[in-house]
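**Student:** In the numbering used here, the protein residues as written are 1343 to 1540.
The C-beta atom is built at its ideal place from N, Cα and C for all residues, glycine as well.
Because the structure is a prediction, the values reported are computed rather than measured.
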Amino acid sequence: MSLMADPEIVDLYVLRRFVTAPAAFVQMVVTLYESAPPRRMQTPGGRLMSSEMTNCGALGWVSDHAGYRYVTQDPLTGSAWPEMPEAFRDLAGRAALAAGFGIFEPDACLINCYRGPAQMGAHRDADERDFSQPIVSVSLGAPAYFLWYGAQRRGSPAKLWLESGDVVVWGRSARKGYHAVQRPQGEVRYNLTLRKAG
DNA sequence: GAGTTTCG
DNA sequence: GCGG
């Protein structure tokens, strides 16, 4: 267990049960799905990711054969991504403050839906312009293990059990840390990843 | 470069 | 298509 020995782990915070009404957030996600349907994106290598994604906010993260990037319009509908609900921005701002990252004003919210065996392999959030801004990750629905690898994609990760309403915030030395998500321990798990992308 | 069924 |  290198959890305490890893210097960047101090820049990763777990705010347990930070969301007071997770069910209301799930309902907002379902409403957003009406204008920006969840879809499985393709990796640059041509494989389908197992989680279903969509976005809200001025910028939305997409992946396809051409690579990873943020775009202002949903490739599926041709329209702008739906506006980010105030409750999302407010929650992210309060979480970043609580974790000691100061004022945080996200312009992008990636919404992931993990159903059944869906998972997310080890990666890092590295498509944003300003790495001084933290990442705020909100867990909703079924619990799942979150794996934190840190600076190196190899080795044994720290394993965090995340439940509905838990919020993870990372930045500074941990900003570009590798992480992964295991399959949900239940039917469906949603995750909001709030970022200052532009 | 966010992929690969829980494998027995 | 490369590179990240």
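Taking the Cβ atom as the reference point for each residue, do P1424 and A1378 lie within a distance shorter than 8 angstroms?
**Tutor:** Yes, the pair counts as a contact, with Cβ atoms nearer than the cut-off.
**Student:** Could you tell me the alpha carbon to alpha carbon distance between F1473 and G1444, rounded to whole angstroms?
**Tutor:** Going by the C-alpha atoms only, they are around 14 angstroms apart.
**Student:** Any chance the region 1500-1510 sits against the region 1448-1462, with 3 or more Cβ pairs inside 8 angstroms?
**Tutor:** The answer is no - the region 1448-1462 does not touch the region 1500-1510, with fewer than three Cβ pairs under 8 angstroms.
**Student:** Rounded to whole angstroms, what's the CA-CA distance from G1399 to T1535? Just pull it up for me.
**Tutor:** Roughly 11 angstroms between the two C-alpha positions.
**Student:** Can you list, in chain order, the residues of its chain with a C-beta nearer than 6 angstroms to that of Y1355? Leave out the 5 residues immediately preceding and following it.
**Tutor:** These residues qualify, in order along the chain: A1441, V1511.
**Student:** Would D1508 and L1357 qualify as a contact pair, given that the criterion is a beta-carbon distance under 8 angstroms?
**Tutor:** In contact: D1508 and L1357 (Cβ atoms closer than 8 angstroms).
**Student:** DSSP beta-bridge partners for R1495?
**Tutor:** Paired residue(s): none; R1495 is not in a bridge.
**Student:** So R1431 is in the alpha helix (DSSP H); what residue range does that whole segment cover?
**Tutor:** Run containing R1431: 1428-1440, per the alpha helix (DSSP H) assignment.
**Student:** Ends of the alpha helix (DSSP H) at A1366?
**Tutor:** First-last of the alpha helix (DSSP H) with A1366: 1364-1377.
**Student:** The ligand NAD and R1411: does any heavy atom of the ligand fall closer than 7 angstroms to the residue's C-beta?
**Tutor:** By its list of ligands, the structure shown contains no ligand whatsoever, and the ligand NAD lies outside what it can speak to.
**Student:** Please identify the residue among P1476, A1522, K1518 whose C-alpha is closest to the C-alpha of S1498.
**Tutor:** The candidate whose alpha carbon is nearest that of S1498 is A1522.
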